[in-house]
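Numbering (our numbering), first residue to last: 3 to 151.
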């Protein structure tokens, strides 16, 4: 079963006409696709840093879908939830998490969670397991040469 809007509406809500963007700071790895994609909407120096009214709802949704960690999600007013990719893909990041996209069911300490994008810890040191929180860089964990091809 695919995730619903309620499944994806996790974190702090930023609302504008036609769209609500949700940001879960604990899952953000600062990849910055959002900042590069729509700097007028996603501006880390502004408060609030997410201002979805600064662009059209469809444009904001398109940029949110580029967030590889699932820290950002959206709900478009009157529409179904973001659809997962038809094929589930798992991509190891060199010296970092497993980036996963698809129709996901993730077991977390808080219970089962349905999602469409996630960055999962593979160093074992995250304080937000199963999600990556960037601790791999602090502890000097590396994935080894075999993963960097």
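Backbone N, C-alpha and C fix where the C-beta goes; we use that ideal spot for every residue, glycine too.
Cα-Cα separation, residue 51 to residue 89: 32 Å
Enclosing beta strand (DSSP E) for residue 105 [first to last residue]: 100-110
Distance, residue 94 Cα to residue 13 Cα: 25 Å
Whether residue 30 touches residue 73 by CB criterion (7 Å): yes
Meets three-Cβ-pair contact criterion under 8 Å: the segment 92-108 and the segment 53-69: no
Validate contact between the segment 38-48 and the segment 132-147 using beta carbons, cut 8 Å, 3 pairs: no
Selection from 10, 9, 68, 25 that minimises the alpha carbon distance to residue 36: 68
Cutoff 8 Å; reference residue 62; Cβ partners in own chain excluding five residues on either side: 18, 21, 23, 40, 43, 54, 76
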